[in-house]
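All remarks here apply to the structure that follows.
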Amino acid sequence: MSLSGSIRGRLLLWIFLAGSCMVLLLDFVLLHRVQEGAFQSIDNILHSKLQLMKGLIHAHGDYVEVELAEVARGEYSLPNSGHYYQVFIQDELYMSSPSLQPRQFNLISDRPESHNEEAGEWVYRTSGPNNEPLLVLRNDFDIKGKVVSVRIAESLVETLNMLSSVERFFCVLTPFFFFLTGVVGYFVSSHALRPLTTFGDALEQITHKNLNERIGPNGFASELHIFAERFNSLLERLQTAFEAEKELIANAAHELKTPLAVIRAECDITLMKERSVEEYAESLREVKTVSDTMLRQVNGMLTLARLDAGILSTSFQPITINHCLDNAVRLVAPLAKEHQVGIRREEEAEVTVLGDKEALTEALSNLLENAVYYNRPEGSISVLLQLQGEGKQVMLSIEDTGIGIPEEELEQVFQKFYRSENVQTIKGTGLGLSITRAIVLGHQGDIQVRNVETGGVCFTISLPLYASEQRPGQKFDHLGAEKQKTY
């Protein structure tokens, strides 16, 4: 598997970078501490020798004397040994170590590296008589009114060589630690991502044939529990969608099977013998009636599929719900007149919603058609449009005086192809209320149904107002009177 662009590759890169930075930081700190320790050691040696030298300098009457025998041997007796001292009295060279050749060699430079004014000490980084690097400690003090200056020098050659060896050691060791960091990072990333591989293997076992199975939290790291829960939630939605699709196909096959059988039977009967023109015409009319029913069912299923696909929301724009109601009433008016059913409208305000004008008109038309078909002769339909929720919602109710719906079936009326036992003889496909509910839900609304005590049924639709219209709407007339219409 390629590491580039993968989680393992990125994790390995981060581990390697973090480890490398830690190694470099550790190298820097250790080298700094070694350098600091080495120079601190030389500084301690210089101060120790300075104190020894100052102890050998004392006043004898008006003179200042130095006990040469104590300092003229050992490391100070070897020429160019890297260990030097000089003593100045009143800015004149009084004595220097035998190791310093020539003895007049200036051990200090013009600019000190550091200065302790309180202690009267100066530290210099200079070069010795053989151009070797030196660290020089100078201390000025007063004896019998005379200024004595002692200068102690130590060669830095051995110290710098030791530091160079340490640097080379780190240069050799650091790449090894880089390699070790990469190896450790690879194994850590592989081990850390192993639960994801196990999780993926568990997901691969689930297909369309066993969507009822779920991913259990046992056996997975706690960080994967949330993914298991969300994937199980996705499986539930997929299972619901597949079952709904299977149910839709089964219902569609069942609903289309009957009209197709009717058409085939009608054709078979008609073709059994010679018929008159009137008989052929009657047979064709029967076929047309049945095929019209099939066409309505197919169109209804296509509408439901379009709504389920979420295509509806792409055509939303501010529309006046009153205009949708006008169009729906205009479409249903001929049917209402045929069944001798009156339509009475009462509208509190003209309100705007964000939605699809054609879809909302279809939803209202479906409810009005049902109110006509399932009404009694010379019955009526009452349509009420009003604002609710402090002017943030519009509520539209359609109430009829028809046969009503059995209480135990109220929860089922919005199911696809569902038709109550007491209305099987009335024209319909069983898809109208399903389509209406899908349209309302697609507009972030809600639809409820209840039986009316005086007989009939009432459907209530609630829709959110368009944002700029979330206030009581303007009345239809300038006097503020409610508008009523009767058809």
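With the numbering used here, you'll find the sequence shown wraps up at 1691, consecutive numbering, no jumps.
C-beta atoms are modelled at their ideal positions from N, C-alpha and C, and glycine is treated no differently.
| field | Residues near VAL1268 by beta carbon distance below 8 Å, same chain, minus five either side | value | Within the sequence shown, the letter at position 64 stands for residue 1268. Here VAL1268 has ILE1261, HIS1262, ILE1293, TYR1298, ILE1347, LYS1348, LYS1350 and VAL1352 as same chain residues with Cβ atoms under 8 Å from its own Cβ, once five neighbours each way along the sequence are excluded.
| message | Rounded to the nearest angstrom, what separates TYR1288 and PHE1374 at their Cα positions? | response | Taking the sequence shown and counting its residues from 1, one reaches residue 1288 at position 84. Taking the sequence shown and counting its residues from 1, one reaches residue 1374 at position 170. The alpha-carbon atoms of TYR1288 and PHE1374 are separated by roughly 33 Å.
| message | How far does the alpha helix (DSSP H) with MET1226 in it extend, from its first residue to its last? | response | Within the sequence shown, numbered from 1, the residue matching residue 1226 stands at position 22. MET1226 -> alpha helix (DSSP H) spans 1211-1259.
| task | Please classify LEU1589: does DSSP put it in a helix, a strand, or coil? | result | Looking up residue 1589 in the sequence shown gives position 385. The answer is strand: DSSP assigns LEU1589 an E or B state.
| Just reading off the beta strand (DSSP E) that LEU1338 is part of, what are its end residues? | For the purposes of this step, residue 1338 is taken as the residue at position 134 of the sequence shown. Counting along the chain, the beta strand (DSSP E) containing LEU1338 begins and ends at 1337-1347.
| said: Buried or exposed, going by whether 16 or more other CB atoms sit within 10 Å of the CB of GLY1620? | reply: Taking the first residue of the sequence shown as position 1, residue 1620 is located at position 416. Sequence check: residue 1620 is Lys here, not Gly. Residue environment for LYS1620: buried (at least 16 other C-beta atoms within 10 angstroms of its C-beta).
| said: Per the DSSP calculation, CYS1662 is bridged to which residue(s)? | reply: Position 458 of the sequence shown, counting from 1, holds the residue named residue 1662. According to DSSP, which records beta bridges pairwise, CYS1662 is partnered with GLU1603 and ARG1654.
| Buried versus exposed call for PHE1391 [16 or more other C-beta atoms within 10 Å across all chains shown] | Within the sequence shown, residue 1391 is the residue found at index 187, counting from 1. Exposed: under 16 other Cβ atoms inside 10 Å.
| query | Using CA coordinates, which residue listed in ARG1355, ASP1472, ALA1448 and GLN1592 is at the minimum distance from SER1300? | reply | Numbered from its first residue, the sequence shown carries residue 1300 at position 96. Comparing Cα positions, the closest option is ARG1355.
| What's the C-alpha gap between LEU1588 and ARG1548? | The count along the sequence shown starts at 1 and reaches residue 1588 at position 384. The count along the sequence shown starts at 1 and reaches residue 1548 at position 344. Whole-angstrom Cα-Cα distance: 9 Å.
| message | Using a 10 Å radius around the Cβ and a threshold of 16 neighbouring Cβ atoms, would you call TYR1670 buried or exposed? | response | Taking the first residue of the sequence shown as position 1, residue 1670 is located at position 466. Counting the other CB atoms within 10 Å of its CB gives TYR1670 a total of 16 or more, which places it among the buried residues.
| task | Quick one: grab the DSSP three-state call for THR1640. | result | Residue mapping note: residue 1640 aligns to position 436 of the sequence shown, counting from 1. Note: THR1640 maps to helix in three-state DSSP.
| said: Report the CB separation of LEU1439 from ILE1525 in whole angstroms; it is logged as a contact under 8 Å. | reply: The residue given as residue 1439 occupies position 235 in the sequence shown. The residue given as residue 1525 occupies position 321 in the sequence shown. About 39 Å; that fails the 8 Å criterion.
| Counted within 10 angstroms of its Cβ, other Cβ atoms place GLU1358 as buried (16 or more) or exposed | Taking the sequence shown and counting its residues from 1, the one referred to as residue 1358 is at position 154. By the 10 Å Cβ count, GLU1358 comes out buried.
| field | Touching by the beta-carbon criterion (3+ pairs, under 8 Å), the segment 1640-1655 and the segment 1485-1501 | value | The segment 1640-1655 vs the segment 1485-1501: no contact.
| query | Mind checking whether ILE1246 and LEU1339 have CB atoms under 8 Å apart? | reply | In the sequence shown, the residue the question calls residue 1246 occupies position 42. In the sequence shown, the residue the question calls residue 1339 occupies position 135. Yes; because the gap between Cβ atoms is below 8 Å, this pair is in contact.
| Close beta carbons around ILE1249, own chain, < 7 Å, minus the five adjacent residues each side | The count along the sequence shown starts at 1 and reaches residue 1249 at position 45. Around ILE1249: GLU1358.
| message | My parser needs the alpha helix (DSSP H) runs of 4 or more residues fully inside the segment 1262-1334; what are they? | response | Note on the segment 1262-1334: whole alpha helix (DSSP H) runs with a minimum of 4 residues are 1272-1275, in chain order.
| request: Take the Cβ of GLN1290 as the centre, count every other Cβ of all protein chains shown within 10 Å, and call the residue buried at 16 or more, exposed below. | output: Looking up residue 1290 in the sequence shown gives position 86. Counting Cβ neighbours within 10 Å, GLN1290 comes out buried, since at least 16 surround it.
| query | Helix, strand or coil: which one does DSSP assign to SER1480? | reply | Locating residue 1480 in the sequence shown gives position 276, counting from the first residue. In the structure shown, SER1480 sits in coil (DSSP, three-state: anything other than H, G, I, E or B).
| THR1401: first and last residue of the uninterrupted alpha helix (DSSP H) it sits in | The count along the sequence shown starts at 1 and reaches residue 1401 at position 197. From DSSP, the alpha helix (DSSP H) with THR1401 extends over 1361-1408.
| said: So, for ASN1655: in the same chain, excluding its five sequence neighbours on each side, which residues have a beta-carbon less than 8 Å away from its beta-carbon? | reply: Taking the sequence shown and counting its residues from 1, one reaches residue 1655 at position 451. Contacts found: GLY1608, ILE1609, GLU1611, LEU1614, VAL1661 and CYS1662.
| field | Endpoints, the alpha helix (DSSP H) within which GLU1581 is located | value | Indexing the sequence shown from 1 puts residue 1581 at position 377. The residue asked about is misnamed: residue 1581 is Pro in this sequence, not Glu. No alpha helix (DSSP H) holds PRO1581; DSSP gives it neither H nor E.
| query | Among residues of its own chain, excluding the 5 on either side of TYR1280, which ones have a beta-carbon nearer than 8 Å to its beta-carbon? | reply | Your numbering for residue 1280 matches position 76 in the sequence shown. Closer than 8 Å at the Cβ level, and outside the excluded window around TYR1280, lie HIS1287, TYR1288, TYR1289, SER1301, PRO1302 and SER1303.
| request: Just tell me which of VAL1555, LEU1591, ASN1503 and VAL1481 has its CA closest to the CA of GLU1566. | output: As a working note, residue 1566 is residue 362 in the sequence shown. GLU1566 has its Cα closest to that of ASN1503, out of VAL1555, LEU1591, ASN1503 and VAL1481.
| said: For LEU1683 and GLU1554, what's the separation of their Cα atoms in angstroms? | reply: Position 479 of the sequence shown holds residue 1683. Position 350 of the sequence shown holds residue 1554. In this prediction, LEU1683 scores a pLDDT of 26, lower than 50, which makes its location untrustworthy; no coordinate-derived value is stated.
| request: Return the chain-ordered list of same chain residues with a C-beta closer than 8 Å to the C-beta of SER1318, the five sequence neighbours on each side being excluded. | output: Within the sequence shown, the letter at position 114 stands for residue 1318. The residues are TRP1326 and VAL1327.
| said: Please tell me whether PHE1446 and LEU1400 are closer than 8 Å, where the distance is taken between their beta carbons. | reply: Taking the sequence shown and counting its residues from 1, one reaches residue 1446 at position 242. Taking the sequence shown and counting its residues from 1, one reaches residue 1400 at position 196. Contact: no.
| query | From which residue to which residue does the alpha helix (DSSP H) around ILE1525 run? | reply | Numbered from 1 along the sequence shown, position 321 holds the residue referred to as residue 1525. For ILE1525, the enclosing alpha helix (DSSP H) has its first and last residue at 1525-1542.
| Within 10 angstroms of its Cβ, does ILE1430 collect 16 or more other Cβ (buried), or is it exposed? | By one-based count along the sequence shown, residue 1430 stands at place 226. The residue in question, ILE1430, is exposed, as its Cβ has fewer than 16 Cβ neighbours within 10 Å.
| Inter-residue spacing [alpha-carbon to alpha-carbon] between ASP1405 and PHE1220 | Here residue 1405 refers to the residue found at position 201 of the sequence shown. Here residue 1220 refers to the residue found at position 16 of the sequence shown. C-alpha separation (whole angstroms): 28 Å.
| request: Just the C-alpha distance for SER1394 and TRP1218, rounded to the nearest angstrom, thanks. | output: Numbered from its first residue, the sequence shown carries residue 1394 at position 190. Numbered from its first residue, the sequence shown carries residue 1218 at position 14. The straight-line gap from Cα to Cα measures roughly 14 Å.
| query | So, are the CB atoms of ALA1532 and LEU1568 less than 8 Å apart? | reply | Looking up residue 1532 in the sequence shown gives position 328. Looking up residue 1568 in the sequence shown gives position 364. Contact flag set, yes.
| query | In the structure shown, what three-state DSSP assignment does ARG1597 receive? | reply | The residue you call residue 1597 lines up with position 393 of the sequence shown. As written in the sequence, residue 1597 is Gln, which differs from the Arg given in the question. In the displayed model, GLN1597 falls within a strand according to three-state DSSP.
| CA-to-CA distance, VAL1233 to LEU1341, given in whole angstroms | Here residue 1341 corresponds to residue number 137 of the sequence shown, with the count starting at 1. Here residue 1233 corresponds to residue number 29 of the sequence shown, with the count starting at 1. Going from the Cα of LEU1341 to the Cα of VAL1233 covers about 27 Å.
| From GLU1296 to ASN1320, what does the alpha carbon distance come to, in whole angstroms? | The residue labelled residue 1296 in the question sits at position 92 within the sequence shown. The residue labelled residue 1320 in the question sits at position 116 within the sequence shown. The alpha-carbon atoms of GLU1296 and ASN1320 are separated by roughly 23 Å.
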